[in-house]
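Below: one structure, written as C-alpha cells.
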Amino acid sequence: MELRTVRHAFGGLQALDGVDLAVEPGEVVCIVGPSGCGKTTLLRLVAGLEVLQEGEIVLGGQTVALPGRQAPPEARGIGLVFQDFALFPHLSVTDNVGFGLRRWDPVDRRARVLEVLEQFAIGELVDAFPHTLSGGQMQRVALARAIAPRPRLLLLDEPFSGLDSRLRDAVRDRTLHDLKESGAATLMVTHDPEEAMFMADRIAVMRAGHIEQVGRPVEIYYRPASAFVTAFFSDVNRLQGVVRDGAVSTLFGALPAAGHAEGAEVQILIRPEALQLAWAGEGDHAANIGLVRAARLLGRSTLVHLDMPRKDEAFLHLHSRVARNVAFGEGDEVAVTLDQSQAFVFAASEPISEPTG
Ligand SMILES: Nc1ncnc2c1ncn2[C@@H]1O[C@H](COP(=O)(O)OP(=O)(O)O)[C@@H](O)[C@H]1O
Ligand SMILES: [Mg+2]
Numbered sequence: 168m169e170l171r172t173v174r175h176a177f178g179g180l181q182a183l184d185g186v187d188l189a190v191e192p193g194e195v196v197c198i199v200g201p202s203g204c205g206k207t208t209l210l211r212l213v214a215g216l217e218v219l220q221e222g223e224i225v226l227g228g229q230t231v232a233l234p235g236r237q238a239p240p241e242a243r244g245i246g247l248v249f250q251d252f253a254l255f256p257h258l259s260v261t262d263n264v265g266f267g268l269r270r271w272d273p274v275d276r277r278a279r280v281l282e283v284l285e286q287f288a289i290g291e292l293v294d295a296f297p298h299t300l301s302g303g304q305m306q307r308v309a310l311a312r313a314i315a316p317r318p319r320l321l322l323l324d325e326p327f328s329g330l331d332s333r334l335r336d337a338v339r340d341r342t343l344h345d346l347k348e349s350g351a352a353t354l355m356v357t358h359d360p361e362e363a364m365f366m367a368d369r370i371a372v373m374r375a376g377h378i379e380q381v382g383r384p385v386e387i388y389y390r391p392a393s394a395f396v397t398a399f400f401s402d403v404n405r406l407q408g409v410v411r412d413g414a415v416s417t418l419f420g421a422l423p424a425a426g427h428a429e430g431a432e433v434q435i436l437i438r439p440e441a442l443q444l445a446w447a448g449e450g451d452h453a454a455n456i457g458l459v460r461a462a463r464l465l466g467r468s469t470l471v472h473l474d475m476p477r478k479d480e481a482f483l484h485l486h487s488r489v490a491r492n493v494a495f496g497e498g499d500e501v502a503v504t505l506d507q508s509q510a511f512v513f514a515a516s517e518p519i520s521e522p523t524g
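Following the working numbering, the numbering of the sequence shown begins with 168 at its first residue and continues without gaps.
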C-alpha cells in the first residue's frame with residue numbers, strides 16, 4: 168500500500184494535511200496519535216469509504232484512488248476490522264466469516280471458513296450467533312471475517328479498545344501472531360503508544376493531520392524527531408536551558424545541542440528511566456543528590472519522585488523509573504545520574520502535547 172501526499176478536508180477543517188505512507192506485504196504498520204488527529208479518516212480513505220480529495224492511493228502496484236477516480240471498496244482487496252467489530256447480528260459465525268466469500272464455490276467457501284476458524288482457535292463457534300459471544304470471541308470472529316478472503320491489506324481501527332485490559336493483552340498477542348501468519352500487509356490505528364510498540368514492525372506517529380515520524384519502534388523511542396513524539400511515548404521530565412558553545416548545561420552536566428543556534432532557548436526532555444539512582448555516598452557532587460519524596464511500585468517498575476536542589480533554593484521535581492522494586496523511601500538521599508542517550512534537546516517553543524479534542 169502506498170499513500171502519496173493525501174489531503175482531506177471536512178468543510179473548513181483540514182483533517183489530513185499531506186500524508187505519505189507505505190506498507191509492505193507482510194508488514195504491520197501502526198498509526199498512533201491523539202484523538203482527532205486524522206487516523207480514522209486515513210483508514211476510511213484507504214478502504215474507499217471516503218472519497219479522495221487530493222493525492223493518490225496505490226494498492227498492490229495499482230492506483231485505486233485519485234481525485235475524481237476511485238475503485239469501490241469491494242474492488243480493493245481489503246479486510247476491515249472496526250472498534251465495535253460490526254458483526255452481522257442475524258448471521259451465524261460461519262456466515263459472518265464466509266461473508267466476503269459469497270462468490271466462491273460453496274464447497275471451497277465452507278472449507279476456507281473452517282480453516283480460518285481453526286487458525287483462530289474458534290472452531291467450536293461455527294453455529295453460534297454474535298449475541299452469544301464474549302468480547303474476545305467477537306474480536307476473533309471479526310478478524311477471521313476480514314482475513315478469510317485473503318485480502319492484500321488489512322485495516323484495523325482501534326481493534327482492541329472494546330476489550331477489558333486483561334483480555335486485551337491476550338487477544339493482542341494472538342492477533343499479532345495471526346496477522347504475521349496471514350502474510351497480509353496490515354495498517355492498524357491506535358491511540359495507545361504501548362499497543363503500537365507491541366504490535367508494529369513500524370510506527371507512524373500522527374499529529375494534527377500529518378505524520379510527524381515513521382520508523383521502527385526502537386527508532387521512534389530512542390531517536391524521537393520532535394518533543395511531541397518524545398512525550399507521546401512516555402512520561403518525561405522537562406528541563407530548560409540556553410545553548411552555549413553548542414551545548415546546554417544541566418545539573419547532570421552539559422548535553423550536546425547540535426542544530427540549535429548559540430543563545431537559543433531549549434527544552435531538555437528526559438525519560439524517567441534515564442535517571443539512575445544509587446545511595447548517596449562520600450564524594451558525590453552536591454548537584455546530583457536528590458531527596459526521595461515517594462517511591463511507588465507500579466508492578467513492572469518503581470516510580471521514584473525526587474526533589475533536586477537548585478541555586479534559587481526552590482526544588483526541581485523529577486521522576487525516575489527503576490526496573491524493579493527499590494529500597495529507597497521517603498526522606499532518603501540518592502545520587503542521581505543521567506543516561507544521556509535518553510535525554511533529548513528540542514527548541515523551547517516546540518509543543519509537547521496537543522490540546523485534546
Ligand atoms: N464526517 C466528518 N465530518 C466532519 N468532520 C469530521 C468527520 N470525520 C472526522 N471529522 C473530523 O476530522 C478530524 C479527524 O477525525 P478522525 O479521523 O476521526 O480522528 P482520529 O481517528 O484520529 O480520532 C477530527 O477533527 C474530526 O472531528
Ligand atoms: Mg478514530
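Backbone N, C-alpha and C fix where the C-beta goes; we use that ideal spot for every residue, glycine too.
(request) Please name the residue, chosen from A375, A514, D402, that lies closest to G426 on a Cα-to-Cα basis. (result) Residue numbering aside, residue 426 sits at position 259 when the sequence shown is read from its first letter. Answer by Cα proximity: A514.
(request) With a cut-off of 5 Å, give the chain-ordered residues whose Cβ is closer than this to any heavy atom of ligand 1. (result) F177, A182, S202, G203, C204, G205, K206, T207, T208
(request) Confirm, please, whether the CB-CB distance from A502 to A445 is below 8 Å. (result) The count along the sequence shown starts at 1 and reaches residue 445 at position 278. The count along the sequence shown starts at 1 and reaches residue 502 at position 335. Yes.
(message) For the structure I just gave you, are there three or more beta carbon pairs, one from the stretch 278-294 and one from the stretch 244-257, closer than 8 Å?
(response) no
(request) Look at E241 and A352 and say whether their C-beta atoms are less than 8 Å apart. (result) Here residue 241 refers to the residue found at position 74 of the sequence shown. Here residue 352 refers to the residue found at position 185 of the sequence shown. No, Cβ-Cβ distance for E241 and A352 is not below 8 Å.
(request) Run the proximity test for V356: is its beta-carbon closer than 7 Å to any non-hydrogen atom belonging to ligand 2? (result) Taking the first residue of the sequence shown as 1, we reach residue 356 at position 189. Yes - ligand 2 has a heavy atom lying nearer than 7 Å to the Cβ of V356.
(request) Would you list the one or two residues that DSSP bridges to V186? (result) Residue mapping note: residue 186 aligns to position 19 of the sequence shown, counting from 1. In the DSSP output, where bridge partners are listed per residue, V186 has V173.
(request) Consult DSSP for I245 and reduce its assignment to one of helix, strand or coil. (result) Position 78 of the sequence shown, counting from 1, holds the residue named residue 245. The answer is strand: DSSP assigns I245 an E or B state.
(request) Going by DSSP, name the residue or residues bridged to R488. (result) Position 321 of the sequence shown, counting from 1, holds the residue named residue 488. L470.
(message) So, under 8 Å CB-CB, I519 and A392 are touching, yes? Tell me the CB distance rounded to an integer number of Å.
(response) Walking along the sequence shown from the start, residue 519 turns up at place 352. Walking along the sequence shown from the start, residue 392 turns up at place 225. With a Cβ gap of about 13 Å, I519 and A392 do not count as contacting.
(message) Please state whether the Cβ-Cβ distance between V173 and I370 is less than 8 Å.
(response) As a working note, residue 173 is residue 6 in the sequence shown. As a working note, residue 370 is residue 203 in the sequence shown. Their beta carbons are not under 8 Å apart, which means V173 does not touch I370 by this criterion.
(request) Please determine, among A363, G185, G227, F177, the residue with the shortest C-alpha to C-alpha distance to E169. (result) Here residue 169 refers to the residue found at position 2 when the sequence shown is read from its first residue. Among A363, G185, G227, F177, the Cα nearest to that of E169 is on G227.
(request) Determine the closest residue to A461 out of R276, P192, L470, with distance taken between C-alpha atoms. (result) Numbered from its first residue, the sequence shown carries residue 461 at position 294. The candidate whose alpha carbon is nearest that of A461 is L470.
(request) Indicate whether Q250 and S332 have their beta-carbon atoms separated by less than 8 Å. (result) As a first step, residue 250 is located in the sequence shown; it is residue number 83 there, counting from the start. As a first step, residue 332 is located in the sequence shown; it is residue number 165 there, counting from the start. No.
(message) So, for Q304: in the same chain, excluding its five sequence neighbours on each side, which residues have a beta-carbon less than 7 Å away from its beta-carbon?
(response) On the sequence shown, residue 304 is found 137 positions in, with the first residue counted as 1. Same-chain partners within the cutoff: I289, L292.
(request) Using 7 Å as the cut-off, classify the Cβ of D324 as near or not near the heavy atoms of ligand 2, replying yes or no. (result) Numbered from 1 along the sequence shown, position 157 holds the residue referred to as residue 324. The answer is yes for D324.
(request) Flag this pair as yes or no: are the beta carbons of T342 and L310 separated by less than 8 Å? (result) Taking the sequence shown and counting its residues from 1, one reaches residue 342 at position 175. Taking the sequence shown and counting its residues from 1, one reaches residue 310 at position 143. Their beta carbons are under 8 Å apart, which means T342 touches L310 by this criterion.
(message) Would V410 and A431 be called neighbours here (beta carbons separated by less than 8 Å)?
(response) Position 243 of the sequence shown holds residue 410. Position 264 of the sequence shown holds residue 431. Their beta carbons are under 8 Å apart, which means V410 touches A431 by this criterion.
(message) Can you list, in chain order, the residues of its chain with a C-beta nearer than 7 Å to that of S349? Leave out the 5 residues immediately preceding and following it.
(response) Counting from one through the sequence shown, the residue named residue 349 turns up at place 182. Once the five neighbours on either side are set aside, the close Cβ partners of S349 are I314.
(message) So, for H377: in the same chain, excluding its five sequence neighbours on each side, which residues have a beta-carbon less than 7 Å away from its beta-carbon?
(response) Position 210 of the sequence shown, counting from 1, holds the residue named residue 377. Excluding the 5 residues flanking it on each side, H377 has same chain C-beta neighbours closer than 7 Å at D184, G185, V186, in chain order.
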